[in-house]
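J.: Following this message is one structure expressed as structure tokens.
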Amino acid sequence: VDSQYYLPNDIGISALDCREAFKLLSPKEQLYAHYLSRASWYGGLVVLIQTSPESANIYVLLQKIFRNQAPAQLEAVATAAGLSAEEYQAFLVFAAGLYANMGNYKSFGDTKFIPNLPKEKFKALVWESRAFKENPGDMEALWNNCSQPLYSLEDKEKQLGLGEKGITTYFSGNCCLEDAEFAQKFLDSKNLSAYNTRLFKTEVDGKRCYEVRLASAVKKDCAVEGEGETSCGRYEFEDAVFSVQRGDYAFLMEKVSQNLEKAKDYAADDNQKRMLEEYVRSFTFGSVEAHKEGSRYWIKDKGPIVESYIGFIESYRDPFGSRGEFEGFVAVVNKAMSARFAQLVSSAEVLLPELPWPSAFEKDRFLKPDFTSLDVLTFAGSGIPAGINIPNYDDIRQTEGFKNVSLGNVLAVAYATQKDKLTFLEEKDKDLYIKWKGPSFEVQVGLHELLGHGSGKLFVQDEKGAFNFEQTAVRNPETGELISSWYKGSETWDSKFSTIASSYEECRAECVGLYLCLNKQVLSIFGHEGEDAEEVVYGNWLNMVRAGLLGLEFYTPESKSWRQAHMQARFVILRVLLEAGEGLVGLKACTGADGRPDAIITLDRSKINTVGRSAIQRFLCKLQVHKSTADVEGGRALYEGYSAVTSDGPLDFLKFRETVLLRKEARKMFVQANTHIKDDAVALEEYEGSAAGLIQSFVERFPEDAKEVEAQLLEMASSDATCWC
């Protein structure tokens, strides 16, 4: 089996250190953080249901095994069952991977991973475990339920995707792209957001019937006290019937709401209380409008000591790009680093006009956001990013604002690189890369989140026919003609650009980072002057072109599709810089010291400010113009052109992809602490940075109701089991 479908035994696993940050909180702040963490962890389990049909079953199987015997105790059982030390480690690494990704598909890249030990050895360990001995009937049923998909690597199962392209549980198995587009038309007609929905299709008497299922604690499909108007009901739409129903993940949504209610008692002020009230309303009734209202209070919650966000947020893993994966995070502000980001925010109004598009394409006024560096206490979901710009609701971001966060304790461990594992660079670049990767990435994350995602205007005509731009004056800088297309009514960036929206926007933000890091004022804000500033620029651009090459790991030639938004974006940037020519970027195939295929990427630092700058300037302007004007056709042609991975032309990218796969390094996993209440105070429980530590942290995550949680997860998985065939 191709090694990309295994997690290697020596995969990097690091503990996220937040002890010092947590100790600095007052008892009230610790209780607030504790209950927000509880809400996040319960909600994070939703991702199991959102990832694959088998994820929840595998999770429960592992939890039952490890709740009865910790990894250290289980080792002797594994030996007795005939497993070698390497096979037992592979079993632990698989379990850790399932917990860290909240499912059996990698959160970064969306490929399936399977246990790196024979199926019969895995089964022997299950049969020898105490959990099996005490409850053989249930454990055998669980194994029978998930053992086939646990190991299966049919073409369609190798990655997430829609229809024949892959696996998804956002749509029933009989849905294809046309169904997703049709459902989006219906949702737009009802002014309903897809963020907290899944779509299930059936046929009754030859008529297409679609169930739009909202995530909510309440299961009734009629208006409920406290809700106001309901969107639930049965609707005839064109030649089909849609029914909007509630109650997806009901048990988990109730747990989330209960813990947010408890957190409210320890909120710092009325603003935080109202924010939590709206979140509770959202998760109780399945209302995205309530979540938007909560997000408005959240934006106003400037500079809190304990920062958090929770809900159906990022749409990367919906193959159509409209449905949000659940995530919840709780973090503590790092004051020293946040001071630098605050300075960047203060300079934003000077820096925004530097961007390469006319002023009419920029927001009417820059809504100064909160920008803080945080030490993560809890990040529940499928993976942990380095920085975030939220909320993702365009209407709020355009007119009311947003927040940026950089996750300091994640950056500290995620991007540490060992020289002997550093691929595709010349020897002379390696030490420099290692020294400057951290500082340069910090600058890139800051610019990407604040001035990348935070910049640019969308031209809109609202429901009343009013425009937010001068139709008779604003011209397209690419053609010189008046603007001829825009967003209408309830159309959003995600709904218009759908399948390319996430990656296109990440590419735009990455380009802003590359472009503005050339600005000496920016470098000075981050404490880099003179020669050091030059090294940061070189480190940042070198990291980007190398990342573009590494991005090929996340491309699937069979379906000609990309599985990771950021990596597609970085490959596109590499293509743009290669196309700029003049020796700016070099990429050549070679043979490594080990005799296997290798590659070397080079960057001419003397041409970054000239050739590089003007290439990014031109490309960035095009990206913004297509985005502002809702020009899907032009934007798609531009972006998909640069995204194409082919073997024709001067560079054989399909061959380079094989080399990248041959030498790839697995992405690190993080071990997070737990909090629990002991003698009316909050205790922080930390774990070692290992597969065993990661497993133990999950075993101890739900001390009061683990059995009930597991039973509910199995119920959710089995009730939809027939929908995936």
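Just so we're on the same page, the numbering used here is the position in the sequence shown counted from 1, plus 18. Where is the CB? At the ideal position from N, CA and C, for every residue including glycine.
Mind pulling the alpha helix (DSSP H) runs of 4 or more residues that sit fully within the stretch 656-709?
T.: Runs of the alpha helix (DSSP H) inside the stretch 656-709: 671-680.
J.: For N494, count the other beta carbons within 10 Å of its own beta carbon; 16 or more makes it buried, fewer makes it exposed. Which is it?
T.: As a position in the sequence shown, residue 494 is number 476, starting the count at 1. Buried is the call here.
J.: Distance, Cα to Cα, E158 vs E704?
T.: Within the sequence shown, numbered from 1, the residue matching residue 158 stands at position 140. Within the sequence shown, numbered from 1, the residue matching residue 704 stands at position 686. Between E158 and E704, the C-alpha separation is close to 33 Å.
J.: Checking 7 Å against the spacing of the C-beta atoms, do N86 and N163 come in under that value?
T.: In the sequence shown, the residue the question calls residue 86 occupies position 68. In the sequence shown, the residue the question calls residue 163 occupies position 145. Not in contact: N86 and N163 (Cβ atoms no closer than 7 Å).
J.: R593 and Y660: beta carbons closer than 7 Å?
T.: Along the sequence shown, read from residue 1 onward, the residue named residue 593 stands at position 575. Along the sequence shown, read from residue 1 onward, the residue named residue 660 stands at position 642. Result yes, Cβ atoms of R593 and Y660 sit closer than 7 Å.
J.: Counting Cβ pairs, one atom from each stretch, are 3 or more of them under 8 Å apart for the stretch 539-546 and the stretch 361-375?
T.: The answer is yes - the stretch 361-375 touches the stretch 539-546, with three or more Cβ pairs under 8 Å.
J.: May I have the straight-line CA-CA distance separating T396 from A113, to the nearest angstrom?
T.: Walking along the sequence shown from the start, residue 396 turns up at place 378. Walking along the sequence shown from the start, residue 113 turns up at place 95. Each residue's alpha carbon lies about 19 Å from the other.
J.: Determine whether the beta carbon atoms of K686 and A398 lie at a separation below 7 Å.
T.: Stepping through the sequence shown from its first residue, residue 686 is reached at position 668. Stepping through the sequence shown from its first residue, residue 398 is reached at position 380. Against a cut-off of 7 Å, the Cβ pair of A398 and K686 comes out as no contact.
J.: Would you mind working out which of C639, V95, K673 sits nearest K606, comparing C-alpha positions?
T.: Counting from one through the sequence shown, the residue named residue 606 turns up at place 588. Closest option to K606, Cα to Cα, is K673.
J.: Is the beta carbon of G312 closer than 7 Å to that of E296?
T.: Within the sequence shown, the letter at position 278 stands for residue 296. Within the sequence shown, the letter at position 294 stands for residue 312. Yes, the pair counts as a contact, with Cβ atoms nearer than the cut-off.
J.: Let me confirm a value: P154 is counted as buried when at least 16 other C-beta atoms fall within 10 Å, else exposed. Which label applies?
T.: For the purposes of this step, residue 154 is taken as the residue at position 136 of the sequence shown. The residue in question, P154, is exposed, as its Cβ has fewer than 16 Cβ neighbours within 10 Å.
J.: Do the CB positions of Y23 and F109 come within less than 7 Å of each other?
T.: Counting from 1 along the sequence shown, the entry for residue 23 is found at position 5. Counting from 1 along the sequence shown, the entry for residue 109 is found at position 91. In this structure, F109 does not lie closer than 7 Å to Y23 by Cβ.
J.: Residues bridged to D393 by DSSP?
T.: Residue mapping note: residue 393 aligns to position 375 of the sequence shown, counting from 1. DSSP output for D393 lists V350 as bridge partner(s).
J.: Label S516 either buried or exposed according to how many other C-beta atoms from any shown protein chain fall within 10 Å of its C-beta, with 16 as the threshold for buried.
T.: Translated into positions along the sequence shown, residue 516 becomes position 498. Buried, by the Cβ-count rule.
J.: Under 8 Å: do the stretch 645-654 and the stretch 568-578 share three or more Cβ pairs, one atom per stretch?
T.: The stretch 645-654 vs the stretch 568-578: no contact.
J.: Could you work out which residue in V727, P403, E182, L568 is closest to V423 when comparing CA atoms only?
T.: Taking the first residue of the sequence shown as position 1, residue 423 is located at position 405. For the residues V727, P403, E182, L568, the minimum Cα distance to V423 belongs to P403.
J.: Would you list, in sequence order, the uninterrupted alpha helix (DSSP H) runs of no fewer than 4 residues that lie entirely inside the stretch 502-545?
T.: Whole alpha helix (DSSP H) segments, 4+ residues: 511-534, 538-543.
J.: Pick out whichever of Y505, G507, Q489 has its Cα sitting closest to the Cα of E499.
T.: Stepping through the sequence shown from its first residue, residue 499 is reached at position 481. Selected option, being the one with the closest Cα: Q489.
J.: Which residue wins for smallest C-alpha separation from G711, given the options D670, S32, E528?
T.: For this step, residue 711 is matched to residue 693 along the sequence shown. It is S32.
J.: Kindly confirm or deny that the stretch 665-681 and the stretch 382-389 touch, where touching means at least three C-beta pairs closer than 8 Å.
T.: Cβ pair count under 8 Å is below three, so no.
J.: What number of angstroms, rounded off, separates the C-alpha of I414 from the C-alpha of G321?
T.: Mapped onto the sequence shown, residue 414 falls at position 396. Mapped onto the sequence shown, residue 321 falls at position 303. Spanning the two alpha carbons is a distance of roughly 19 Å.
J.: Our contact map puts S305 next to G265 with C-beta atoms below 8 Å; I'd like the distance itself, whole angstroms only.
T.: As a first step, residue 305 is located in the sequence shown; it is residue number 287 there, counting from the start. As a first step, residue 265 is located in the sequence shown; it is residue number 247 there, counting from the start. Their Cβ separation, rounded to whole angstroms, is 14 Å, which puts S305 and G265 out of contact at 8 Å.
J.: Tell me the DSSP secondary structure of S427 in three-state form.
T.: Taking the sequence shown and counting its residues from 1, one reaches residue 427 at position 409. Ser is not the amino acid found at residue 427; the sequence shown has Asn there. Helix at N427.
J.: DSSP puts D616 in a beta bridge; with which residues?
T.: In the sequence shown, residue 616 corresponds to position 598, counting from 1. Note: D616 sits in a beta bridge opposite C608.
J.: In the DSSP output, which residue or residues are listed as bridge partners for V590?
T.: Along the sequence shown, one-based indexing puts residue 590 at 572. Per DSSP, none; premise fails for V590.
J.: Can you tell me which of the three DSSP states G251 falls into?
T.: Numbered from 1 along the sequence shown, position 233 holds the residue referred to as residue 251. Looking at G251 - three-state DSSP - the assignment turns out to be strand.
J.: Just curious, the alpha helix (DSSP H) that V461 is in, first and last residue?
T.: In the sequence shown, the residue the question calls residue 461 occupies position 443. Start and end: 445-465.
J.: Out of curiosity, what's the CA-to-CA distance linking L92 and P133?
T.: The residue given as residue 92 occupies position 74 in the sequence shown. The residue given as residue 133 occupies position 115 in the sequence shown. Using only the alpha carbons, I get a separation of about 17 Å.
J.: At 4 residues or longer, and completely inside the stretch 35-78: list those alpha helix (DSSP H) runs for me, N to C.
T.: Taking only runs of at least 4 residues, the alpha helix (DSSP H) segments lying wholly in the stretch 35-78 are 37-41, 45-62, 64-69.
J.: With Q479 and W504 assumed to form a contact (beta carbons below 8 Å), what rounded beta-carbon distance in angstroms separates them?
T.: Position 461 of the sequence shown, counted from the first residue, corresponds to residue 479. Position 486 of the sequence shown, counted from the first residue, corresponds to residue 504. That belief holds up - the Cβ atoms of Q479 and W504 are roughly 6 Å apart, short of 8 Å.
J.: Jot down the residue ranges of each uninterrupted alpha helix (DSSP H) in the stretch 273-336, minimum 4 residues, whole runs only, in chain order.
T.: Here the runs fully enclosed are 288-303, 306-318.
J.: Return yes when the Cβ of F572 is within less than 7 Å of the Cβ of G184, no when it is not.
T.: Within the sequence shown, numbered from 1, the residue matching residue 184 stands at position 166. Within the sequence shown, numbered from 1, the residue matching residue 572 stands at position 554. Taking 7 Å as the Cβ cut-off, G184 and F572 do not qualify as a contacting pair.
J.: Hey, out of L468, W454, N214, W316, whose CA is closest to Q361's CA?
T.: For the purposes of this step, residue 361 is identified with residue 343 of the sequence shown, where counting begins at 1. When each option's Cα is compared against that of Q361, the closest is L468.
J.: Determine whether the beta carbon atoms of W454 and C639 lie at a separation below 7 Å.
T.: For this step, residue 454 is matched to residue 436 along the sequence shown. For this step, residue 639 is matched to residue 621 along the sequence shown. No.
J.: How many angstroms separate the CA atom of N352 from the CA atom of I408?
T.: On the sequence shown, position 334 is the one that residue 352 refers to. On the sequence shown, position 390 is the one that residue 408 refers to. Their Cα atoms are separated by approximately 19 Å.
J.: So for R654, helix, strand or coil by DSSP?
T.: For the purposes of this step, residue 654 is taken as residue 636 along the sequence shown, with counting starting at 1. If DSSP states are grouped into helix, strand and coil, R654 belongs with the helices.
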